[in-house]
Amino acid sequence: MASTGVNVLRWSALGLGLFYGVYHQAKLSSQDKLDAINREYQRKEELIKKAKEEWTKKTAPPGRSGLITNPEDPKFDLEAFLKAKAEEK
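Numbering-wise, the working numbering puts 512 at position 79 of the sequence shown, and it's gapless, one number per residue.
Next up, the structure:
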């Protein structure tokens, strides 16, 4: 049989191990929750950024370049159209 001091030491080590395990698990869980919250916030920021860009594109006034891109228009200038397309690239 083990002495009383050894039994107290064993039970103390077991209790401390359990306490540390619970503490460590709680720390990991809270870190995971915090990471999930941050990921969700970043996802929402990206969605807002994309929505703002799309809204800007949608509400932007049309360009006043004077270039007619409709080939059915009687004032359509093929040479000017091709030059403009070449400059875009």
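By construction, the Cβ of each residue, glycine as well, lies at the ideal position given by its N, Cα and C atoms.
Measure the C-alpha to C-alpha separation of residue i and residue j and round it to an integer number of angstroms.
i: S463; j: L449; result: 21 Å
i: A469; j: T502; result: 49 Å
i: G454; j: A446; result: 12 Å
i: K516; j: E505; result: 18 Å
i: V441; j: L461; result: 30 Å
i: D510; j: A484; result: 36 Å
i: K436; j: W444; result: Here residue 436 is Ser; the residue named in the question, Lys, does not match the sequence. Near 13 Å, if we compare the C-alpha coordinates of W444 and S436.
i: K477; j: K490; result: 20 Å
i: A459; j: L451; result: 12 Å
i: H457; j: K466; result: 14 Å
i: K522; j: Q475; result: 34 Å
i: S473; j: E486; result: Sequence check: residue 473 is Glu here, not Ser. C-alpha separation (whole angstroms): 20 Å.
When you compare the CB positions of residue i and residue j, do they come within less than 8 Å of one another, or not?
i: F519; j: L500; result: Per the sequence presented here, residue 519 reads as Ala, with Phe not at that position. Not closer than 8 Å, so no.
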